[in-house]
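No gaps in the numbering here: position 195 of the sequence shown is 203 in the working numbering, and each next residue is one more.
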Amino acid sequence: MSNNIKYEIHGLKAIAVGLIILYNSKLTIFGHQPFIGGFVGIDIFFVISGYLITSIILKELITTGSFSLKYFYERQVRRVFPIFLIVILVSLPFAWIYLLPSYFVDFSKSIITSLSFSSNFYFFYTANDLLILRHLPKPFFHTWFLSTLVQFYLIFPIILIIIYKYFKQYLIYILILGLVISLGLSEWTSKNNPSISFYFLHTRMWELLSGSIMAYFEITRGYRSNYKTLNLILPSVGVILISSSVFFLDDKMSYPSFFILPTVIGACLIIWFSSKDELITKILSSKLFVGIGLISYSLYLWHYPIFSFNRVAFLTEDKVFLELFLGLLILIISVIFYYLIEQPAKKETYKFKIIIFLISIAIGIIFIFMSYILSKNGKLNKVNIMIEKQIESPLFSSECKYSSSNSSFLTDIFFQEKFENCKKKYGKFILIIGDSQSLDLFNSISKISKKSEFIIGLNKPGCRPFAETNKDCHYINALDFIEKNNENIKYIFFTHRGGYLLTSVEGKKNNPNRLLGRLPLNDLQINKTINYLKLIKGFNKNLILVGPHLEPNIVLNRYSIINRLNGNQLNDYINYDLLKVDEQLKKISRVNNIDYVSKIEVINFDLKRDFSVDGVITFSDTNHWSSFGEIYFGKKLIFNSKIKNI
């Protein structure tokens, strides 16, 4: 065990990594995910990291009057790189086997950016819908945290040394000011641009600085709290605060923000008031917790790729025994590589030149292979190439049929110029509004309608028509667009995640869709959606609500596709009761005098038969259509309903 860190800190690291793993495992008990707030383990890690790095720097500055950045960064290289590179190398063959070409390309780019510790920027700029990201095959998505932390390690020591050297008497005030500013930015950004708040260092700095401030007081005073009564009580309060966050927060909240304060305060209470006679300290200092804390870095690196590839391959298939075995496997692998790679690399008996040489070779091999993958557009596995051809569905685009996901499309010069030209040419146009479900509808109508038809889509995946929580969405601007161009609009189609989000129909408890966050909205949100439709109806009478969403009665993965194409049947899984959803949507439409097109009625959807037609897949995932499906279902939808004249 390390003598540089008190045992309870190791134990707290065990709590943090345990919560993260439980969260990412999506463990479900009786249809409920009890650790849905387990993501706060990341915030605990930030507090611990700020405390440890500041303790290391200040101790050396105070005792020696200087600090060796060279030696500090050498220790970080020894600690961070070796096991990280092993995880990447071991993941490569699994990525080749299981990832479709487009995801293989994404995987390669995420590896390259993670090695340069900039993957937080990569994930922000490529796909920043956090709820959707949680369910995509991105085996190295978790490296955003490592990138953010390394950025802190690179910047903070230099800043701290400068402040200590020239503004020593103001150091604590600068740390506190930095915490307050960062916390304010975190709260504001989480509401106005949640993805920036999630990924970037400036909104996480307050968590790190909370640990730094504790380290400052401990180093300057020579001890932590010496209040025996508080030492016996407050660590337990810290556990209660962290537990409340785990069980009462969820990943749909604004994050990180004031909501995370109980977690950060709880971690600080445990660190500051821990004492050898206190129960929580004794538990955290036990061999079990300290042992897990020691391998926490290895656990963190291994768990996410293993979970990700498991979901792609569908190996455990929600079998509890197999999922428990998977958890045990992650633990065993982490222990083995901790003793085999991580611990030896940190020993100074191995010259740093040798470590750097081996790291350079590994990085070179990885970069060469990643470059090869990118040059081939990820098309290395023939089976995966075939599958992607079956399910891919590029966004349709032609001269006067185009879609925009830009919330500021009203001020987009390119959009406006194209729109005005098409309006002069064709006069009236069809408008399609919604989320990713509306992209299916846009593609279907665009592909099947007359060549002369003018069609505009305002479609952004993941967006819901609740203005105050969707400032990056297009719904508010769409109203202005409709009002201004009302006379030129032939039809307005509105659809978003199938319509069941517009109803109170519950998903069944053992329905896998509950794991995807597909829960019905509350009455307030339902009313807001209905009111939004009423606003559209007030501008244009030709509003048509299309729903509900359709799902193949099967979990879509590479094996289910191959088996279905070979004519084999797989076990079905339980859907939402789409008939009940359909009935509610009919009622809502009838009461509010809105035209409604039922996909179930006009398509006559058969969950089993229509999954594949003549050996061609009709779905790209559990609820979106493939390129073929857009035409197959689109013909039924258009030609069998009131909109057949388009």
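A virtual CB, placed ideally from N, CA and C, is assigned to each residue, including glycine.
- Between G58 and S282, the beta carbon gap of about 17 Å keeps them out of contact (Cβ cut-off 8 Å).
- For K431, the enclosing alpha helix (DSSP H) starts and ends at I421 to Y434.
- In the structure shown, N467 falls within a strand segment according to DSSP collapsed to helix, strand and coil.
- I29 is positioned such that its CB atom lies closer than 9 Å to that of L307.
- With a 10 Å radius around the Cβ and a threshold of 16 neighbouring Cβ atoms, Q445 comes out buried.
- Across the structure, P469 and N631 are spaced so that their CA atoms are roughly 13 Å apart.
- The criterion of a C-beta distance shorter than 9 Å is satisfied by Q84 and Y161.
- The Cβ neighbour count for T289, taken over all protein chains shown within 10 Å, is at least 16; the residue is labelled buried.
- Three or more beta-carbon pairs drawn from the region 427-445 and the region 404-415 are found closer than 8 Å, and the two stretches are therefore classed as touching.
- The continuous alpha helix (DSSP H) containing D488 extends over residues Y483 to K492.
- Look at L388 here: in three-state DSSP terms it is coil, with no helix or strand label.
- For Y181, the enclosing alpha helix (DSSP H) stretches over residues L179 to N200.
- Spatial neighbours of G301 in its own chain (CB-CB distance under 6 Å, excluding positions within 5 residues in sequence) are listed in chain order as H18, G19, K21 and A22.
- Contact between F619 and L553 is absent: CB atoms are separated by about 26 Å, not below the 8 Å threshold.
- The beta carbon of I438 sits closer than 6 Å to the beta carbons of I463, K498 and Y499 from its chain, once the five residues preceding and following it are set aside; these are given in chain order.
- CA-to-CA, the gap between T156 and Y358 works out to about 28 Å.
- For Y130, same chain residues with a beta-carbon under 7 Å away, outside a window of 5 residues either side, are K117, S118 and T121 in chain order.
- K498 sits in a strand when the DSSP states are folded into three classes.
- Cβ neighbours of L35 within its own chain (closer than 8 Å, five residues either side excluded): Q41, P42, F43 and E331.
- Beta-bridge analysis with DSSP links W633 to F627.
- Take the alpha-carbon of T537 and the one of S412: they are about 21 Å apart.
- Exposed is the label assigned to D285, since fewer than 16 other Cβ atoms lie within 10 Å of its Cβ.
- Look at I441 here: in three-state DSSP terms it is strand.
- Distance check between C471 and each of G465, Y483, I544 and M394 places Y483 closest, using alpha-carbon atoms only.
- In this structure, the alpha-carbon of I278 lies about 56 Å from that of I490.
- In the three-state reduction of the DSSP assignment, T324 falls in the coil class.
- Looking from the CA of N496, the closest CA among F547, S304, L558 and V343 belongs to F547.
- Taking C-beta atoms as the reference points, I456 and K643 count as a pair closer than 9 Å.
- Measuring C-alpha to C-alpha distances from N539 to each of F256, N485, I596 and L587 identifies I596 as the nearest.
- The alpha-carbon of L240 is positioned some 35 Å away from that of L309.
- In this structure, I221 keeps its C-beta atom at 9 Å or more from the C-beta atom of I65.
- Relative to the Cα of F89, the nearest Cα in the group V599, I363 and L382 belongs to I363.
- Looking at the backbone, the Cα of Q592 and that of Y604 are separated by about 11 Å.
- Secondary structure note for D590: its alpha helix (DSSP H) is the uninterrupted segment L586 to V599.
- Within the same chain, Y312 come within 6 Å of H150 by CB-CB distance, once the 5 residues on both sides are set aside.
- Straight-line spacing of the CA atoms in R232 and P243 works out to 13 Å.
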